[in-house]
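Below is one structure, written out as structure tokens, with a few remarks after it.
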């Protein structure tokens, strides 16, 4: 798949609104930022920035189809590991370093917890996150594992059909109220929507557009219902209309992205901007909260938030250039040997086991 420059910019915008949500609203409301109080002059807008995560999930569904369709299961796993782990490992160590000095009661960590976080599967074993934003990675990994299993059992050529059918299954699960399981509801509505958009980019079909319509309605229902929950939880009003409008904009952006004009759109420095989004997301939250506590006052909040955001972007750039890009071939070699050799070992063991117990 050729690089979609509009998607890179969209991804960066999603990261930016998540950063603003955390710095101007969520950090204050959850008690992790104590140096400043509510910022009503801006948080009436930024309180909706959490929806950037939903947009990220749509993007994941969209790009994973293209990443998986021409790869074996093991090569897909290598590709995802190279994409996820190097920046994440640095982010865990980076955040843990700041937490040691400035973490306090709510953001401190321990050596054991930090080491466990390096696996990225720690939350499945009840270990809490070094940084709160890591919760989304559990959803990403579950989705990637789902796609990996499809490839592993030889369904690579059936991905289009399976992704088109997924929203229909989600609708059935919603109607019979069993949508609380992994891949069967909640945030996975957005993953499924992204997958359907990807399939429609390659081949338009009535079934595909019906599947997309189902995804849209499920996403709307899920996110607007959260408005009531967030209003009670955060103590400020979340508008169902605003949330519905934002979700609709997400879908409209993807519809435009799928047009020839959207695919051909050229934007300056799109690759760099797109590459910054993952490290920005990983490092911004707790480190940003700690810096706000150290340096911000109510009067200087705007300037300090602006300065911290610039520093986060700068550090993200260094992560991308010095860790992800410079050592890309090294990471590919490491994960290829680790994953492919492990896969071959398991395959050999299963063959021997099958021969012993026919």
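Numbering (the working numbering), first residue to last: 261 to 618. Glycine residues also receive a C-beta, built at the ideal position from the N, C-alpha and C atoms. All of these numbers come straight from a predicted model, not from anything done at the bench.
- Query: Quick one: Cα of residue 502 to Cα of residue 357, how far?
  - Reply: 38 Å
- Message: I'd like to check one pair, residue 573 with residue 540: are the Cβ atoms closer than 8 Å?
- Response: yes
- Query: Is DSSP giving residue 375 helix, strand or coil here?
  - Reply: Of the three classes helix, strand and coil, the one that applies to residue 375 here is helix, per DSSP.
- Task: State the CB to CB distance for the pair residue 347 and residue 506, rounded to an integer number of angstroms; the pair is presumed to be in contact (CB under 8 Å).
- Result: Not confirmed; about 27 Å, so no contact.
- Query: Out of curiosity, what's the CA-to-CA distance linking residue 458 and residue 484?
  - Reply: 25 Å
- Item | residue 462 (DSSP reduced to helix, strand or coil) | helix
- Decide if residue 589 is buried, meaning its Cβ has at least 16 other Cβ atoms within 10 Å, or exposed. exposed
- Contacting residues, own chain, Cβ-Cβ under 8 Å from residue 516 (five flanking each side not counted): 266, 522
- Query: Can you tell me the Cα-Cα spacing of residue 374 and residue 292, whole angstroms?
  - Reply: 19 Å
- Taking only runs of the beta strand (DSSP E) that begin and end inside the region 512-555, which ones reach a length of at least 3 residues, in chain order? none
- Task: Could you pull out every residue in the same chain whose Cβ sits closer than 7 Å to the Cβ of residue 264, ignoring the five residues on either side in sequence?
- Result: 517, 523
- Message: Quick check: the region 313-332 against the region 445-455, are at least 3 beta-carbon pairs closer than 8 Å?
- Response: yes
- What residue range is occupied by the uninterrupted alpha helix (DSSP H) comprising residue 326? 311-328
- Message: If I measure Cβ to Cβ from residue 339 and keep anything under 7 Å in the same chain, skipping five residues before and after, which residues do I get?
- Response: Correct list, in chain order: 327, 331.
- Taking residue 566 as the reference, give the member of 270, 262, 276 with the closest Cα. Of 270, 262, 276, the smallest CA-CA separation from residue 566 is found for 276.
- Message: Can you tell me where the alpha helix (DSSP H) holding residue 404 begins and where it ends?
- Response: 395-412
- Message: Assess contact between the region 283-290 and the region 298-306, defined as three or more Cβ pairs (one per stretch) separated by less than 8 Å. Is contact present?
- Response: yes
- Measuring CA to CA, which of 543, 595, 554, 549 is closest to residue 575? 543
- Message: Following a CB-centred definition, is residue 293 positioned closer than 7 Å to any heavy atom of the ligand GDP?
- Response: Summarising the ligand content, the structure contains no ligands, and the ligand GDP is consequently not present.
- Query: If you follow the alpha helix (DSSP H) that residue 307 is part of, which residue opens it and which one closes it?
  - Reply: Where residue 307 is concerned, there is no enclosing alpha helix (DSSP H), because DSSP gives it neither an H nor an E.
- Query: In this structure, does DSSP put residue 380 in helix, strand or coil?
  - Reply: Note: residue 380 maps to coil in three-state DSSP.
- Taking residue 379 as the reference, which of 367, 394, 368 has the closest Cα? Ranking the options by Cα distance to residue 379, first place goes to 394.
- Under a three-way DSSP split, which group does residue 364 fall into? Here residue 364 sits in helix by DSSP.
- Query: From this set, 508, 415, 492, which residue's C-alpha is nearest residue 478's C-alpha?
  - Reply: Restricting attention to 508, 415, 492, the CA atom closest to the CA of residue 478 is found in 508.
- Message: Only counting the same chain, and skipping five residues up and downstream in sequence, which positions put a Cβ closer than 6 Å to that of residue 535?
- Response: Excluding five sequence positions before and after residue 535, the CB atoms of its chain that fall closer than 6 Å to its own CB belong to 580, given in chain order.
- Mind checking whether residue 392 and residue 274 have CB atoms under 8 Å apart? The answer is no: Cβ separation not under 8 Å.
- Starting from residue 584 and walking both ways along the alpha helix (DSSP H), at which residues does that stretch end? Run containing residue 584: none; DSSP gives neither H nor E here.
- Query: If residue 419 sits next to residue 410, beta carbons under 8 Å apart, how far is it from one beta carbon to the other, in whole angstroms?
  - Reply: 7 Å
- Task: Assign residue 281 to one of three DSSP states: helix, strand, or coil.
- Result: Correct three-state label for residue 281: helix.
- Skipping 5 residues on each side, what residues in its chain have a beta carbon closer than 6 Å to that of residue 556? Cβ neighbours of residue 556 beyond the five flanking positions: 295, 296, 564.
- Query: For residue 480, which three-state DSSP category applies?
  - Reply: helix
- Just tell me which of 561, 472, 443, 582 has its CA closest to the CA of residue 400. 443
- Message: According to DSSP, simplified to helix, strand and coil, what is residue 445?
- Response: coil
- Buried or exposed for residue 601, please, with buried defined as at least 16 other CB atoms from any protein chain shown within 10 angstroms of its CB. exposed
- Grab me the residues of residue 316's own chain with a C-beta within less than 6 Å of its C-beta, minus the 5 sequence neighbours each way, in chain order. Cβ within range, chain order: 274.
- So residue 577 is in the alpha helix (DSSP H); what residue range does that whole segment cover? 561-578
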